[in-house]
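Chemist:
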Amino acid sequence: MSVGEGSGDGAMVDMNTTPLIDVMLVLLIMFIITIPVQTHAVKLDLPPPNNEPSNVDPVFNQVDIDFLSNIYWNKQAVDMVQLRSYMRQAAALPTEPELRLRPEALAKYEIVDQVMAEAQQAGITKMGFVGNEAYAQ
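Read in order, the letters of the sequence shown are residues 363 to 499 in my numbering.
Below is the structure:
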């Protein structure tokens with residue numbers, strides 16, 4: 363027996379916590395063993411496979427805007443709905459491709475602004491401007 367310090371009547375002040383720790387570890391092991399294994403399946407309705415060739419390049423995509431307010435996605439004329447679709451497809455790729463915006467010097471600012479807003483709403487984070495030297499004059 364150990365002699366505890368403290369009161370002069372010889373009473374032991376310290377409490378032996380070893381049995382409490384042993385009981386706690388046994389309870390922990392019992393809880394771990396009795397927890398059921400979670401094997402829930404999640405039902406997903408996946409869309410059918412699309413065999414159409416995509417017009418989205420996984421490296422970079424270029425959007426051209428001419429002075430007549432025509433928009434071109436990778437040198438193919440598109441409208442705003444198609445552009446929005448292509449941008450969402452590009453943003454959904456595992457590695458997001460760079461979007462290169464190339465407006466002509468006489469392009470309307472409103473159209474360029476709409477294209478930039480569509481890119482932001484689609485979640486495009488990599489975007490650059492091509493042909494800035496046309497604005498130096």
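Glycine included, each C-beta is placed from N, C-alpha and C at the ideal position. Nothing here was measured: the structure is a model prediction, and the numbers come from that model.
For M363 and V385, I'd like the C-alpha separation in whole angstroms.
Modeler: Model confidence at M363 stands at a pLDDT of 49, short of 50, so the residue's coordinates are unreliable and nothing is read from them.
Chemist: Compute the distance between the beta-carbons of R464 and D426, then report whether it is under 8 Å.
Modeler: With contacts defined by Cβ atoms closer than 8 Å, R464 and D426 form a contacting pair.
Chemist: Measure the alpha-carbon distance for E472 versus L406 and round it to whole angstroms.
Modeler: 41 Å
Chemist: Give the range of the beta strand (DSSP E) segment to which F491 is assigned.
Modeler: M489 to F491
Chemist: Would you report the Cα separation of Q400 and D376, rounded to the nearest angstrom?
Modeler: Computed Cα separation, rounded: 43 Å.
Chemist: So F422 packs on E460, CB below 8 Å; how close in whole Å?
Modeler: 4 Å
Chemist: At what residue ranges does the segment 387–441 contain a whole run of the beta strand (DSSP E), taking only runs of 3 or more?
Modeler: 422–427, 433–435 and 438–440
Chemist: Taking 6 Å as the limit between beta carbons, can you name the residues of its chain near R446, skipping five residues before and five after?
Modeler: Excluding the 5 residues flanking it on each side, R446 has same chain C-beta neighbours closer than 6 Å at E480, in chain order.
Chemist: Run through DSSP, which three-state label would E460 get?
Modeler: strand
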